[in-house]
Amino acid sequence: MTLSTVDERRRRNRNIVLSAFLSLIIIWTIKLCYPQHTLLSIYQSSQPTLETPPTAAVQTTTSPADPVPTGQRGEIWHAKPKDSTILGENIFNGSLSNKAAVIVETRFRTNLVPLILHFSSVLGPTWPILIYTSPESVGQFSSSAALARYLKMGIIQVRMLPQEVLFTNSDSVNAFMTKKWLWEDLEPAEHILIFQSDSMLCANAARSVDDYFQYDFVGAPIAAGLGVGYNGGLSLRKRSTTLRVLEEWDWEETKTEKVRFEDQWYYDRMLKLQKEDYSEDGAQIELPSMEVARTFSVETIDYPHPLGVHQVHRWLKEQMLSLDKWCPEYQLCSVDHIIDT
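This is the structure we're talking about:
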């Protein structure tokens, strides 16, 4: 009896030592695999809480498949929707609401990626940026790791233009901007910020694009002798008013030698609507004065602290020194511009 009792105690001791040894192996294995976590944090992260839904529940909110991007209306690419409890209320979730920033470029430029990322930084996470480009250029946008992060989040999206769209001169730009395709494709967004590769938003500006939402159209004021209204290369436009103009008039039938650019044509048409009629909600079309417009953007008329700039290499060579201090990021702008014809 005495020997069997001793043997049993020895067996139990060996089992305890063996169990402790195996436990140490398991703990060290977990520690090596997850060096940033403790056993407690791993356990806590696996428990569902009222504030954070289980991962499986979040995944069920995503669409099983995204539509294939094409140049046809109604078949555009959209980012997968993301759970609002994860993104928060102040981050764009992949679905257009009341505003969007838009750049249309049929050919890839080396400055486009840093320029677009800068626009996204200045505008903030509530502003989606939509890149409209040719099918041939889509792959060049996805080659940037920095841009790919924004594409994955849905804050920046790439959409294909119809195959026949190609910007070779100002006439081709005018024809595209005065067709309904783009403006209908941007539904349901109302406030549309149009920007080009030769434009820039200044991070030092005290104002934001949202501060100009009251206006139906605002851009850099055009100097007397060069035209009328505002330049469209960096402009904020109301989509509903733009479509209203296109319902009333046809670009090809009403353009003149005096008003032969799309931005000046829209300005001229909105002036006519402002005088003749009122919008459906009873509010008259609102266009800013030239003094207000130059606080939004400068091109041919200077202003010391604008929100944005357009074609400054072409028009404001004498003011470059002050721009170096106020808006040094203007150097990301393309120096070449589409030829006026």
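This note's numbering numbers the first residue of the sequence shown as 7 and each following residue consecutively. Each residue gets a CB set at the ideal place from its N, CA and C atoms; glycine is no exception.
Nearest CA to the CA of L199: which residue from S143, F267, F27 and N237? N237
CA-CA distance, D204 and R275? 26 Å
Under 8 Å, do S295 and D269 count as touching if we go by C-beta distance? no
Please indicate yes or no: does the CB of V179 lie closer than 7 Å to some heavy atom of the ligand GTP? Among the components of this structure there are no ligands whatsoever, and the ligand GTP is therefore not found.
Measuring alpha carbon to alpha carbon, tell me which residue in G239, A107, I122 and Y156 is nearest H197. A107
Taking just the CA atoms, how far does I31 sit from L167? 58 Å
C-alpha distance - T44 paired with Q220, whole-angstrom precision: For T44, the predicted model reports a pLDDT of 46, less than 50, meaning its position is unreliable; a value from the coordinates is still stated below. Answer to the nearest angstrom: the Cα atoms are 53 Å apart.
Going by the beta-carbon positions, is the gap between F302 and V224 smaller than 8 Å? yes
To the nearest angstrom, how far is it from the Cα of F114 to the Cα of E190? 24 Å
Look at the Cβ atom of L118, then the Cβ atom of K186, and state whether they are nearer than 8 Å. no
Just list the residues that DSSP pairs L242 with in beta bridges. L199 and V224
Between the CA atoms of A152 and T112 - distance to the nearest angstrom: 21 Å
Look at the alpha carbon of V171 and the alpha carbon of V234, and state the distance between them as a whole number of angstroms. 27 Å
Coil, strand or helix - V108 by DSSP: strand
Given V128, which residues of its chain have a CB within under 6 Å of its CB, disregarding the five upstream and five downstream residues? L207 and A209
Looking at the structure shown, is W332 part of a helix, part of a strand, or coil, going by DSSP? helix
Delimiting residues of the beta strand (DSSP E) encompassing L118: It is not in any beta strand (DSSP E) - L118 instead sits in the alpha helix (DSSP H) that spans L118 to L129.
Would you kindly work out how many angstroms separate the C-alpha atoms of T67 and A226, rounded to a whole number? In this predicted model, T67 has a pLDDT of only 38, less than 50, meaning its place in the structure is not dependable; the value taken from the coordinates is given anyway. So the two alpha carbons sit approximately 43 Å from each other.
DSSP three-state call for N237: helix, strand or coil? strand
Return the Cβ separation of W133 and K105 in integer angstroms, given the expectation that the two are a contact with Cβ distance under 8 Å. 6 Å
For T139, which residues does DSSP report across the bridge? M166
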